[in-house]
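J.: Residue numbers (the working numbering): 79 to 137.
Quick reminder that beta carbons are idealized off the backbone N, C-alpha and C, glycines included.
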């Protein structure tokens, strides 16, 4: 039981040493992620439609 309590104490102490991002940093990271996801979706949509059309022409 002492090992569990020691682990929990060490975990809590480690969380206190973490440098947490600011609200602004989280917002900027979220925006960058959403832009990247939307660009990836757009690319895959165009690639899918283009390849589908090319395959339609071949068959």
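(1) How many Å lie between residue 84 and residue 96 at the Cα?
(2) Tell me the DSSP secondary structure of residue 100 in three-state form.
(3) Measure the alpha-carbon distance for residue 110 versus residue 92 and round it to whole angstroms.
(4) Hey, how far is the Cα of residue 90 from the Cα of residue 128?
T.: Checking against the coordinates, here is how it stands:
(1) Stepping through the chain shown from its first residue, residue 84 is reached at position 6. Stepping through the chain shown from its first residue, residue 96 is reached at position 18. Taking the straight line from one Cα to the other gives about 19 Å.
(2) Start at 1 with the first residue of the chain shown, and residue 100 comes out as number 22. Residue state, collapsed to three classes: coil.
(3) Taking the chain shown and counting its residues from 1, the one referred to as residue 110 is at position 32. Taking the chain shown and counting its residues from 1, the one referred to as residue 92 is at position 14. C-alpha separation (whole angstroms): 28 Å.
(4) One-based indexing of the chain shown puts residue 90 at position 12. One-based indexing of the chain shown puts residue 128 at position 50. One C-alpha to the other measures close to 53 Å.
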